[in-house]
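Trainee: I have a structure here, written as structure tokens, and I will follow up with some questions on it.
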Amino acid sequence: MRKLKDTEGGGFVVGNLPLGCDLCLQGAKLVLFLTGLCRRRCFYCPLSEKRRQKDVVYANERLVRSWRDIVAEAEEMDALGTGITGGDPMLRFRRMLRYSKLLKEKFGKEHHIHVYLCEDVSREKLKKMKEAGIDEVRFHLLTSEPVVKAIGVGLDAGIEIPAVPGWEDRIINLIRKLDEIEGVFINLNELEFSETNAANLHRRGFRLREDSAVAAEGSRECALTVAKWGAKNATLTIHYCSSIVKDSVQLRKRLIRKAFNVAKPHEEVNEDGLLFKGIITGLKTQELAEVHKYLMRKYRLKQDEIYLNREKKRIELHWRLAEKLAKLEKNLKFALVEEYPTQDRLETTFFPL
91 MRKLKDTEGG GFVVGNLPLG CDLCLQGAKL VLFLTGLCRR RCFYCPLSEK
141 RRQKDVVYAN ERLVRSWRDI VAEAEEMDAL GTGITGGDPM LRFRRMLRYS
191 KLLKEKFGKE HHIHVYLCED VSREKLKKMK EAGIDEVRFH LLTSEPVVKA
241 IGVGLDAGIE IPAVPGWEDR IINLIRKLDE IEGVFINLNE LEFSETNAAN
291 LHRRGFRLRE DSAVAAEGSR ECALTVAKWG AKNATLTIHY CSSIVKDSVQ
341 LRKRLIRKAF NVAKPHEEVN EDGLLFKGII TGLKTQELAE VHKYLMRKYR
391 LKQDEIYLNR EKKRIELHWR LAEKLAKLEK NLKFALVEEY PTQDRLETTF
441 FPL
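Start counting the sequence shown at 91; every next residue gets the next number (this note's numbering).
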């Protein structure tokens, strides 16, 4: 009997973790959302209204308008690989091939690319994907035939589906078939509630787990039942990815990687990968430059100690300097903020001084 090993964020694996998953757990995978278009209507699809059935491209949280946006995002996070997702990437096949080729040309052969597919794919198209530099494909299907074809053209391949309570027998039967193919894996994701799928899940009798805001009750138990069976009766890798992994592990580590690359001298990176700093707010547009100049002269500040952010109409500075000046400049409004190191610099915390 094989051993069931714990992974970060409450996941577990029987066998060896797929390379794409290993890089993801390091926060080293760029998430390339290729399109929101999809012909399938899975009842558990968590895709947001912002992306669902929209032909848009995102590199992590960054809206892609050109190839340069993808390069910038990958470089800022020191990406070691890319996961191409959707929607259904096959509906924008040429786009997938073009971006895959460009990623390999820019970052080298070691840049690992995996793609999520939700339909069967012809051998000819799989060959083109291999030639474009794609390393691994993950089918969102309950059948083994597409995996056989993908392995046949030299791609790493596996199945990735949600661990839906009640699907235990279906998944075990699928594993029996997959186990006849050398080098495959199956990933079971914790079933999650979102704004767009909650009604569908409730209609089918699914409920939130008591200790979670997104995880479905019974999903982890479904995956555990399957993994324990596989540990005794199968040889392929069975990996369970919990809902916690996305935010507490994958996203957090990705933000940390990026934050250290994009942080300005007056910004500190905290343990969650957020940028922490002080700000002066409440100024009129015409006052920004004047106050910035006044503070630099009066306190003999260096250029990297204080930053004029015209876009957000505020002055930024190190949090320690903000705390000090808040006691001296009573007419100015100081605050401490935390924000994502993303292009939009989404603010998560605002603490007035």
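Glycine residues also receive a C-beta, built at the ideal position from the N, C-alpha and C atoms.
(1) For Gly126 and Leu245, I'd like the C-alpha separation in whole angstroms.
(2) Can you find at least 3 beta carbon pairs, one from the stretch 417 to 428 and one from the stretch 139 to 149, that sit closer than 8 Å?
(3) Under 8 Å: do the stretch 323 to 342 and the stretch 274 to 281 share three or more Cβ pairs, one atom per stretch?
(4) So, helix, strand or coil for Tyr430, using DSSP?
(5) Please give me, in chain order, every unbroken run of the alpha helix (DSSP H) with length at least 4 that falls completely inside the stretch 251 to 275.
(6) Among Thr172, Ile261, Leu341, which has the Cα closest to the Cα of Thr432?
(7) Please confirm whether Ala416 has its beta-carbon closer than 8 Å to some beta-carbon of chain E.
(8) If we ignore side chains and look at the alpha-carbon of each, how far apart do Phe440 and Phe366 end up?
(9) Is the CB-CB distance between Phe123 and Gly176 below 8 Å?
(10) Please classify His408 as buried or exposed, where buried requires at least 16 other C-beta atoms within 10 Å of its C-beta.
(11) Buried or exposed: which applies to Met91, given that a residue is buried once 16 or more other Cβ atoms fall within 10 Å of its Cβ?
(12) Might you give, ordered along the chain, the residues of its own chain that have their beta carbon closer than 6 Å to the beta carbon of Pro355, omitting 5 neighbours on each side?
(13) Are the CB atoms of Leu137 and Val146 within a distance shorter than 8 Å?
(14) Of the residues Leu115, Ala247, Arg131, Glu151, which one's Cα is nearest the Cα of Val121?
(15) May I have the straight-line CA-CA distance separating Val352 from Glu272, to the nearest angstrom?
(16) Please work out which residues of its chain come closer than 6 Å, Cβ to Cβ, to Asp210, disregarding the five sequence neighbours upstream and downstream, and give them in chain order.
(17) Would you identify the three-state DSSP class for Val121, choosing helix, strand or coil?
(18) Quick check on this structure: which residue in His292, Asp337, Lys392, Ser190 has the alpha carbon closest to the alpha carbon of Glu200?
(19) Does the beta-carbon distance from Glu258 to Cys312 come in below 8 Å?
(20) If you draw a straight line from the alpha carbon of Ala70 to that of Ile369, how long is it in whole angstroms?
(21) Excluding the 5 residues flanking Thr375 on each side, which residues of the same chain have their C-beta closer than 7 Å to its C-beta?
(22) Using 10 angstroms around the beta-carbon of Leu418, count the other beta-carbons present and answer buried if the total reaches 16, otherwise exposed.
(23) Does the distance from the C-beta atom of Val454 to that of Thr327 stay below 8 Å?
(24) With respect to the alpha helix (DSSP H) encompassing Arg387, which residues constitute its N-terminal and C-terminal limits?
(25) So what does Gly171 bridge to, in DSSP terms?
(26) If we call anything under 8 Å between Cβ atoms a contact, is Gly248 one with Pro108?
(27) What distance in whole Å lies between the Cβ atoms of Ile405 and Leu398, which are believed to be in contact at a cut-off of 8 Å?
(28) With a threshold of 16 other CB atoms inside 10 Å of the CB of Phe133, please say whether the residue is buried or exposed.
(29) Using the Cα positions of His230 and Asp178, report the straight-line distance between them to the nearest angstrom.
(30) To the nearest angstrom, how far is it from the Cα of Val335 to the Cα of Thr315?
(31) In the DSSP assignment, the beta strand (DSSP E) including Asp210 goes from what residue to what residue?
(32) Check the C-beta distance from Phe283 over to Val304 and give it rounded, since I have them as a contact under 8 Å.
(33) Figure out for me which residue from Glu166, Arg184, Glu98 has the closest Cα to the Cα of Arg344.
Mentor: This is what the structure gives:
(1) Looking up residue 126 in the sequence shown gives position 36. Looking up residue 245 in the sequence shown gives position 155. Rounded to whole angstroms, Gly126 to Leu245 spans 25 Å at the Cα level.
(2) no
(3) yes
(4) Counting from 1 along the sequence shown, the entry for residue 430 is found at position 340. Tyr430 falls in the coil class under three-state DSSP.
(5) 258 to 268
(6) As a first step, residue 432 is located in the sequence shown; it is residue number 342 there, counting from the start. The candidate whose alpha carbon is nearest that of Thr432 is Leu341.
(7) Checking the listed chains, one finds no chain E in this structure; it contains a single protein chain.
(8) The sequence position of residue 440 within the sequence shown is 350, counting from 1. The sequence position of residue 366 within the sequence shown is 276, counting from 1. Each residue's Cα considered, the two are about 10 Å apart.
(9) Here residue 123 corresponds to residue number 33 of the sequence shown, with the count starting at 1. Here residue 176 corresponds to residue number 86 of the sequence shown, with the count starting at 1. Closer than 8 Å, so yes.
(10) Within the sequence shown, the letter at position 318 stands for residue 408. Answer is buried; the Cβ neighbour count reaches 16.
(11) Residue numbering aside, residue 91 sits at position 1 when the sequence shown is read from its first letter. Exposed.
(12) Position 265 of the sequence shown, counted from the start, is the residue given in the question as residue 355. Result list for Pro355: Asp394, in chain order.
(13) Here the question's residue 146 lines up with position 56 in the sequence shown. Here the question's residue 137 lines up with position 47 in the sequence shown. Going by C-beta atoms, Val146 is not nearer than 8 Å to Leu137.
(14) Mapped onto the sequence shown, residue 121 falls at position 31. Of the candidates Leu115, Ala247, Arg131, Glu151, the one whose C-alpha sits nearest the C-alpha of Val121 is Glu151.
(15) Reading the sequence shown from its first residue, position 262 is the one you call residue 352. Reading the sequence shown from its first residue, position 182 is the one you call residue 272. Cα to Cα, Val352 sits roughly 42 Å from Glu272.
(16) Along the sequence shown, one-based indexing puts residue 210 at 120. Closer than 6 Å at the Cβ level, and outside the excluded window around Asp210, lie Pro236.
(17) Numbered from 1 along the sequence shown, position 31 holds the residue referred to as residue 121. Of the three classes helix, strand and coil, the one that applies to Val121 here is strand, per DSSP.
(18) For this step, residue 200 is matched to residue 110 along the sequence shown. Here the closest residue by C-alpha is Ser190.
(19) On the sequence shown, residue 258 is found 168 positions in, with the first residue counted as 1. On the sequence shown, residue 312 is found 222 positions in, with the first residue counted as 1. Yes, Cβ-Cβ distance for Glu258 and Cys312 is below 8 Å.
(20) In the structure as shown, the chain starts at 91 and stops at 443, and residue 70 therefore has no counterpart that could be examined.
(21) Residue 375 sits at position 285 when you count from the first residue of the sequence shown. Only Lys403 meet the Cβ criterion.
(22) Working through the sequence shown from its first residue, we reach residue 418 at position 328. That one is exposed.
(23) Summary: the structure shown does not reach residue 454, with the chain confined to residues 91 through 443, and so no result is reported for it.
(24) Stepping through the sequence shown from its first residue, residue 387 is reached at position 297. Segment 375 to 388, the alpha helix (DSSP H) holding Arg387.
(25) Within the sequence shown, residue 171 is the residue found at index 81, counting from 1. Beta-bridge pairing links Gly171 to Lys119, His202.
(26) By 1-based counting over the sequence shown, the position of residue 248 is 158. By 1-based counting over the sequence shown, the position of residue 108 is 18. Yes, Cβ-Cβ distance for Gly248 and Pro108 is below 8 Å.
(27) In the sequence shown, residue 398 corresponds to position 308, counting from 1. In the sequence shown, residue 405 corresponds to position 315, counting from 1. Confirmed, about 6 Å.
(28) Residue 133 sits at position 43 when you count from the first residue of the sequence shown. Burial call: exposed.
(29) Residue numbering aside, residue 230 sits at position 140 when the sequence shown is read from its first letter. Residue numbering aside, residue 178 sits at position 88 when the sequence shown is read from its first letter. Roughly 10 Å separates the two Cα atoms.
(30) The sequence position of residue 335 within the sequence shown is 245, counting from 1. The sequence position of residue 315 within the sequence shown is 225, counting from 1. Looking at the two C-alpha atoms, the distance is approximately 20 Å.
(31) Taking the sequence shown and counting its residues from 1, one reaches residue 210 at position 120. Element bounds for Asp210: n/a, residue is neither H nor E.
(32) In the sequence shown, counting from the first residue as 1, residue 283 sits at position 193. In the sequence shown, counting from the first residue as 1, residue 304 sits at position 214. Indeed they touch by this definition, with Cβ atoms about 5 Å apart.
(33) Here residue 344 refers to the residue found at position 254 of the sequence shown. Checking every option, the nearest Cα to that of Arg344 belongs to Glu166.
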